[in-house]
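Worksheet: one structure, shown below.
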Amino acid sequence: MNDTMPARVADFVRAHPLCDMLGLNLTHPRFAIDHIDLGKCDESTCRGDFVKFAEWGMRVVMCKGGPVLYDDNFAALWPRQPEHRRGRAQAEPLYLSSAYKHPTQVVLALLDRFLCDVEANADKVRLVHTVTDLDKAARDGVVALLMGSNRADWFGDVPGVLRMAARLGLRMITLNGSGRELGWDGHDIARGSGGLSDLGATMIDQMNRSGILIDLAHTNEASSLDIIAHSQRPVIDSHSNPRALEESTRNTSDAVMRALADRGGLLGIMPGIARPQGEQPYTAVDADQLAGVMRHIDYAVDVMGIEGVGIGTHFNSASLPWLIEAVLEGGYAEADAAKIFGGNYMRVLREVLPA
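Its first residue numbered 1417, the sequence shown is counted upward by one per residue in the working numbering.
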């Protein structure tokens, strides 16, 4: 537990499971280029690592990578950025040559790098494959990590690739980034969207059977509504906000929010809390930004009910203590705040993950 937390927040975190529906970015250049050691605490940044997740009282964290390549020009510029942090002194390169990389290779390479860190830090974290793993991590006092991926181009129309990833422990797929996929359309596709295709329905069925959580965060409305209706398991939107309050195709309409709630799903509110300059550790959070997050939470609760709302910080778990304090002071009973900050997500995981 972080000793700098206000006493009320520290008591809350001790009493209730704290979950981030999107807490660690495995595609970030600090990981993909610099190859940071996630088992080593880096106090110079607000970005999370295995040690700080434990200090912050995190119980469950979703860690997600995707098929993104950084070319030589970006890799050369990256060390000049204020958020750059040096990685391992002796790092294995992610790629050994400039040969063309297929998206499947990129995803597997990033997830392997993450799994190597998990395996080296069994005293701090546990990769969750099943509900049993989730419970054992809690009993053993280690942070439960879930492994997710981005987009569908890396598995495409091959059920076997999806099943292989599930065997490795993949437990969430954010179905889209943008544009058209074989099975569904991204948030930026409005004209001519056909929603969920027959191929997409087959892959959704496979995700249900494999215990993979389906994430609609970047999927358009027509596809989202079709997927919610078709899936035999609850579906989530891991990191979005109500579109009624913040007009953007990346945000979630009332219709999708209601459909999620009606089928036992979840909207992960994405706190609009800026990271400090150079991604330094937080010392405070802007009050106006916190008020904006509270408006989103209040609206989502009004539309979906308290059971339909969670938190997906978009890789900013460090901001959670301030947000917890704001929710507790904003009139929410402790039991309801506990649902928002972890209880609802744990419920969905227990319905989706293998036993």
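Note that CB positions come from ideal geometry on N, CA and C, so glycine has one too.
Report the option in Leu1440, Ala1749, Phe1490 and Ile1449 whose CA atom is closest to the CA atom of Cys1479.
-> Leu1440
Give a single yes or no on whether Tyr1486 has its beta carbon closer than 8 Å to a heavy atom of the ligand GDP.
-> Among the components modelled here there is no ligand, and therefore nothing to report on the ligand GDP.
Do you know offhand how far Asp1704's Cα is from Glu1741's?
-> 14 Å
Among the residues of its own chain, which have a CB less than 7 Å from the CB of Val1701, if the five just before and after it don't count?
-> Ile1689, Ser1735 and Trp1738
Buried or exposed (CB count within 10 angstroms, at least 16 for buried), Arg1567 = buried
Could you tell me the boundaries of the alpha helix (DSSP H) in which Ser1735 lies?
-> Per DSSP, Ser1735 belongs to no alpha helix (DSSP H) and is neither H nor E.
Express the C-alpha separation of Ala1423 and Ala1431 in angstroms, rounding to a whole number.
-> 12 Å
For the 8 Å Cβ check, are there 3 or more pairs between the segment 1637-1648 and the segment 1586-1604?
-> yes
Let me know the secondary structure DSSP gives Ile1772 once reduced to three states.
-> Residue 1772 cannot be examined here, being either before or after the span of the chain that is shown, 1417 to 1771.
What's the C-alpha gap between Arg1679 and Ile1644?
-> 7 Å
What span of residues does the beta strand (DSSP E) with Cys1435 cover, start to end?
-> Leu1434 to Asn1441
Sorted by chain position, which residues of the same chain lie with C-beta nearer than 8 Å to Gln1693's C-beta, five sequence neighbours on each side aside?
-> Pro1498
Report the rounded CA-to-CA distance for Leu1438 versus Asp1556, giving the unit in angstroms.
-> 23 Å
Burial state of Asp1487, where buried means 16 or more other Cβ atoms lie within 10 Å | exposed
Proximal residues to Gly1708 (C-beta, below 6 Å), its chain only, five neighbours per side dropped | Gly1688
DSSP puts Cys1479 in a beta bridge; with which residues?
-> Leu1440 and Met1563
Check the Cβ-Cβ distances between Glu1662 and every residue of chain C, and say whether any is below 9 Å.
-> No chain C appears in the structure shown, which is made up of a single protein chain.
Residue nearest to Ala1677 in terms of C-alpha spacing, selected from Leu1442, Gly1721 and Leu1454 | Gly1721
Candidates Val1764, Ala1538, His1655 and Ala1771: closest to Gly1681 by CA position = Val1764
Taking the alpha carbon of Thr1590 as the point to measure from, which residue in Glu1663, Thr1546, Ile1628 and Gly1610 has its own alpha carbon closest?
-> Ile1628
Report the option in Val1544, Thr1461, Ile1713 and Glu1767 whose CA atom is closest to the CA atom of Leu1586.
-> Val1544
Going by CA-CA distance only, name the one from Pro1770, Asp1453 and His1730 that's closest to Val1534.
-> Asp1453
What did DSSP end up calling His1451 once you bin it into helix, strand or coil?
-> coil
Terminal residues of the continuous beta strand (DSSP E) containing Met1588?
-> Leu1586 to Thr1590
Can you tell me whether DSSP reads His1634 as helix, strand or coil?
-> coil
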